[in-house]
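Asker: Have a look at this one before I ask anything.
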Amino acid sequence: MELASKYDPKDVESKWYQYWLDNKLFSSKPDNREPYTVVIPPPNVTGVLHMGHMLNNTIQDILVRRARMKGKNACWVPGTDHASIATEAKVVNKLAEQGIKKTDITRDQFLEHAWDWTHEHGGIILQQLRKLGASCDWDRTAFTMDKTRSESVIKVFVDLYNKGLIYRGVRMVNWDPQAQTALSDEEVVYKDEHSKLYYLRYKVVEEPNKYAIVATTRPETIMGDTAMCINPNDAKNTWLKGKHVIVPLVGREIPVIEDDYVDIEFGTGCLKVTPAHDINDHNLGLKHGLETIDIFNDNGTLSEAAGLYVGMDRMDVRKQIAKDLQDAGLMEKIEDYNNKVGYSERTNVPIEPKLSTQWFLKMQHFADIALQPVMDDNIKFYPSKYKNTYRHWLENIKDWCISRQLWWGHRIPAYYFTIAGKREYVVAETAEKALVEAQKRDATLTKTDLEQDEDCLDTWFSSWLWPISVFDGINNPNNKEINYYYPTSDLVTGPDIIFFWVARMIMAGYEYRGQMPFKHVYFTGIVRDKLGRKMSKSLGNSPDPLMLIDKYGADGVRMGMMLSAPAGNDILFDESLCEQGRNFNNKIWNAFRLIKGWQIADKEQPHTNRLATQWFEAKLRITNKELNDLFDKYRISEALMVVYRLFWDEFSSWYLEMIKPAYGVPIDKQTYENTLLFFDILLKMLHPFMPFITEELWQHTCDRKNGESIMHEKLEITAPSEAENGLSADIELVKQIVSNVRMVRNQKNISPKDSLVLQAIGTNNFDRYNDIIAKMANLSSIETVAEKATDAAQFMIGTDEFSIPVGNLIDIEAEIAKQQAQLEHLEKFLESVKRKLSNEKFMAHAPEAVVSLERKKQSDSEEKIAALKVSIAELKNK
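See below:
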């Protein structure tokens, strides 16, 4: 194949991805190799690729491709999540555009629209992942609502119900008024808000001329007040014991109760108790036998039970009731107040605590089986700091509200019927099985007497089975695939779903397989812009990943992401990193073109080339050992930097320069073959990070058969010997010598074309490497002398002293001009320092450390100025 003069990622990437697909190179089937299994964190079925997906899937692909090259049977399972709340909202909006309300159609009709939406939009993100180079086994693509996964979810629900771990009851839940569904505690995000604290006047029944003052952030809930509570130990409110108060505007008389739950220091020490709309108030209501008045409709408007502001949105009521209370003389005062408000993680609206009949999963059992494996590092977290986050959640576990008031999702397999006027239910996998169970209670029941629960299960109730269900391990627990691929190897995910997903998968794994679902969890950080802001559509600071790929190539973008992506830390993404990635592609391409452009001669290998190839072979062994260690520690960003420096610095800047023949002169065959071998190894090291360019160039290195690919090439390099470690250390010192010679040229304005003489003073411990040093530094000779010459530049390498006679090579006028410019700059700087030190205000108020620093700047500058003046005078006298 002819190699183009410039690298064009567009042609290369589409060509090789199709080649990989056509030859089923991502496909995996159980065999006698060690399995390496990764399951994709399933993105929302209607989602599109964003920067978080880019990061997460780049890391997964790096790990999967590396596993293949280590000879493992790598299986990366892709798939999507049905995303109940998000998808239902999109379908509702689409119907609204057509003038259709959800309430105007049947459940089955709505689901037809939802499936149409899913078929139209679902899987777009998986197609986009192909542009990134994701090497998923696409034939295994799963969907959390496909037949196998749905059957698994229902089977698990029934099993947990039969074990007594699922129950149905009236509980205080987090209610999302926009999605009109219950949420779990983990789906509530608490945000700091600048709110108001309203001090309301409650008239005391027994003392009509007195008021009890209550401080609240939610005056709109007073219509649901059924008591006022004081702390029995609060001296300032003792006078209210046993009394009754009138709810402002409402006119309802409520009792004053006592409970040490009340914070004496908050507000006035008086608490309004609204049992239907606060979890703590609800507990007080249960304890003291209070009435419960639910004043909100499901959509967050006030209900008929409120009696006032009926049909108004709760937030509008807050503004209006504050005005009405002031007009009625029932507002003592209003203060600014900072507090935390719970928001729906899905719709980003304030949640409403609400009493509701829901289905719950008892979690203590699962916490007990899932905590120790992580604490004991049977399942390892990277970084390990997230173990504490995990432990804290499990040690404070609450039951999981698993029901959602939605139609899109797995419908709860509970079936209701009436016997002798009493509502009962059974739980079964199908309506047919439910009828059998129901008929055990009443043999006259028929299928038409059964009514299935209207609610769906929380989306995460399917996701927690993902590592098992993708291999059909729930329905067929002993099938060949689940026994081979499970437990999976690595999970790559964000720490924001450690409770939603990671912990719950661990729970399900031990419950249904008796073992961990994965061995390692790599937590990525949040992708932020270079200013540290979280990327979002609203800020307009999130680039389109596909546009980045189009501009810089997938390899360039992958590298740009990984250069800024240490595990667990936020990623400060800068598009310039993608440009750096593209430049690196060009560097690799041009290096290969340079090598392939050399003429080859069957002649003896020069000493310089033999030393250079020995050194770079040692360098490859040393770097590969470091690379393995970094991958073992999941320090993937650092691993990329190690390979990047190996190619850019060691191979391109040093090795190729050491062996490069003079213009028009052929290179010896041995060195050429060694160099191609080194290049082949470098491509293999780079392949997991940059799959496209490495495949393209690997295919060029020699004749390949159809279906062969670099991704199945093993990278087997033995550890470095002591001699090789010693050689590598020597060459590092040799590089320092060369760099110092180059620095002298730069400082003295000596042209790189002018040959220099290098003198070793006393002894030369590097004479073995004289050929390399002379070539790389353009030296006419390297001599060992007793003492340095006059007008010689001098430097030290370890204990060895070197000098370069430069007297007759310096451009005197250019050097004087250079030093004169340095002198003028320093004199201006010194003047500014002196002004600061003569400023009485500065001297009186600046800390001693700051003053000391300024004085040091003054003395250092004066010393440098004096030296420059001497040097300039000497140059002028030459």
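In the working numbering, the protein residues as written are 3 to 880.
A virtual CB, placed ideally from N, CA and C, is assigned to each residue, including glycine.
Counting only the same chain and skipping the five closest in sequence on each side, list residues whose C-beta sits under 6 Å from that of residue 79.
Answerer: So the list reads 41, 142, 472, once near-sequence residues are dropped.
Asker: Taking a contact to mean a Cβ-Cβ separation below 8 Å, would you say residue 691 touches residue 645 in this structure?
Answerer: Cβ atoms of residue 691 and residue 645: closer than 8 Å.
Asker: Between the Cα of residue 839 and those of 484, 860, 819, spot the shortest distance and give me the residue it belongs to.
Answerer: Nearest of 484, 860, 819 to residue 839, Cα basis: 860.
Asker: On the three-state DSSP scale, how would you describe residue 35?
Answerer: Note: residue 35 maps to coil in three-state DSSP.
Asker: Measuring only the C-alpha atoms, how far is residue 510 from residue 380?
Answerer: If I take the Cα positions, the gap works out to 16 Å.
Asker: Tell me the residue span of the alpha helix (DSSP H) that contains residue 132.
Answerer: Counting along the chain, the alpha helix (DSSP H) containing residue 132 begins and ends at 126-134.
Asker: Given a cut-off of 8 Å on the beta-carbon distance, is the pair residue 629 and residue 641 in contact?
Answerer: Closer than 8 Å, so yes.
Asker: Counting Cβ pairs closer than 8 Å, one from the stretch 257-265 and one from the stretch 226-240, do we hit at least three?
Answerer: They touch, by the three-pair rule.
Asker: Just to confirm the assignment, what range does the alpha helix (DSSP H) spanning residue 287 have?
Answerer: Segment 281-290, the alpha helix (DSSP H) holding residue 287.
Asker: By a C-beta neighbour count over all protein chains shown, 10 Å radius and 16 as the cutoff for buried, is residue 84 buried or exposed?
Answerer: So residue 84 ends up on the buried side.
Asker: Keeping to the same chain, check which residues put their C-beta closer than 7 Å to that of residue 196; ignore five residues upstream and five downstream.
Answerer: Cβ neighbours of residue 196 beyond the five flanking positions: 338, 340.
Asker: In angstroms, rounded to a whole number, what distance separates the CA positions of residue 159 and residue 179?
Answerer: If you take the alpha carbons of residue 159 and residue 179, they lie about 27 Å apart.
Asker: Buried or exposed: where does residue 852 fall if 16 or more other Cβ atoms within 10 Å of its Cβ makes it buried?
Answerer: Result: exposed.
Asker: Roughly how many angstroms lie between the CA atoms of residue 294 and residue 201, to the nearest whole one?
Answerer: So the two alpha carbons sit approximately 23 Å from each other.
Asker: Of all the alpha helix (DSSP H) runs that stay within the bounds of the stretch 753-788, which reach a length of 4 or more residues?
Answerer: Fully enclosed alpha helix (DSSP H) runs of 4 or longer: 772-779.
Asker: Quick check on residue 707: does DSSP put it in helix, strand or coil?
Answerer: Residue 707 falls in the coil class under three-state DSSP.
Asker: Report the residue ranges of all beta strand (DSSP E) runs contained in full by the stretch 316-350; include only those spanning at least 3 residues, in chain order.
Answerer: You should have 333-346.
Asker: With a CB to CB cut of under 6 Å and the five nearest residues on each side skipped, what residues in its chain are close to residue 496?
Answerer: So the list reads 526, once near-sequence residues are dropped.
Asker: Are the Cβ atoms of residue 700 and residue 682 separated by less than 8 Å?
Answerer: Their beta carbons are under 8 Å apart, which means residue 700 touches residue 682 by this criterion.
Asker: Taking 8 Å as the threshold (C-beta atoms), are residue 256 and residue 229 in contact?
Answerer: Cβ atoms of residue 229 and residue 256: closer than 8 Å.
Asker: Work out the CA separation of residue 30 and residue 547 for me, nearest whole Å.
Answerer: Taking the straight line from one Cα to the other gives about 28 Å.
Asker: Sorted by chain position, which residues of the same chain lie with C-beta nearer than 6 Å to residue 44's C-beta, five sequence neighbours on each side aside?
Answerer: Answer for residue 44: 81, 82, 83, listed in chain order.
Asker: Tell whether a beta-carbon distance below 8 Å holds between residue 221 and residue 280.
Answerer: No.
Asker: Just reading off the alpha helix (DSSP H) that residue 196 is part of, what are its end residues?
Answerer: Careful: residue 196 lies outside any alpha helix (DSSP H), inside the beta strand (DSSP E) at 190-206.
Asker: Hey, quick one: how far does the beta strand (DSSP E) through residue 488 stretch, first residue to last?
Answerer: No beta strand (DSSP E) holds residue 488; DSSP gives it neither H nor E.
Asker: Between residue 163 and the rest of its own chain, which residues show a CB-CB distance below 7 Å, the 5 nearest in sequence each way excluded?
Answerer: Correct list, in chain order: 429.
Asker: Would residue 204 be called buried (16 or more neighbouring beta carbons within 10 Å of its own) or exposed?
Answerer: The residue in question, residue 204, is buried, as its Cβ has 16 or more Cβ neighbours within 10 Å.
Asker: Tell me where the beta strand (DSSP E) around residue 412 begins and ends.
Answerer: Element bounds for residue 412: n/a, residue is neither H nor E.
Asker: Just how far apart, CA to CA, sit residue 22 and residue 114?
Answerer: Distance between the alpha carbons of residue 22 and residue 114 is about 36 Å.
Asker: So, are the CB atoms of residue 63 and residue 125 less than 8 Å apart?
Answerer: No, they are not a contact pair.
Asker: Using beta-carbon positions only, say whether residue 245 and residue 208 come within less than 8 Å of one another.
Answerer: Cβ distance < 8 Å, so residue 245 and residue 208 count as in contact.
Asker: From what residue to what residue does the alpha helix (DSSP H) around residue 22 run?
Answerer: Per DSSP, residue 22 belongs to the alpha helix (DSSP H) from 11-24.
Asker: Could you please give the first and the last residue of the uninterrupted beta strand (DSSP E) stretch that includes residue 213?
Answerer: Per DSSP, residue 213 belongs to the beta strand (DSSP E) from 213-218.
Asker: Spatial neighbours of residue 711 within its chain, please: CB distance less than 6 Å, with the 5 preceding and 5 following residues excluded, ordered by chain position.
Answerer: Result list for residue 711: 27, in chain order.
Asker: Exposed or buried, residue 346, counting other C-beta atoms within 10 Å across all chains shown (16 or more means buried)?
Answerer: So residue 346 counts as buried.
Asker: Quick check on DSSP: helix, strand or coil for residue 585?
Answerer: DSSP places residue 585 in helix when its eight states are reduced to three.
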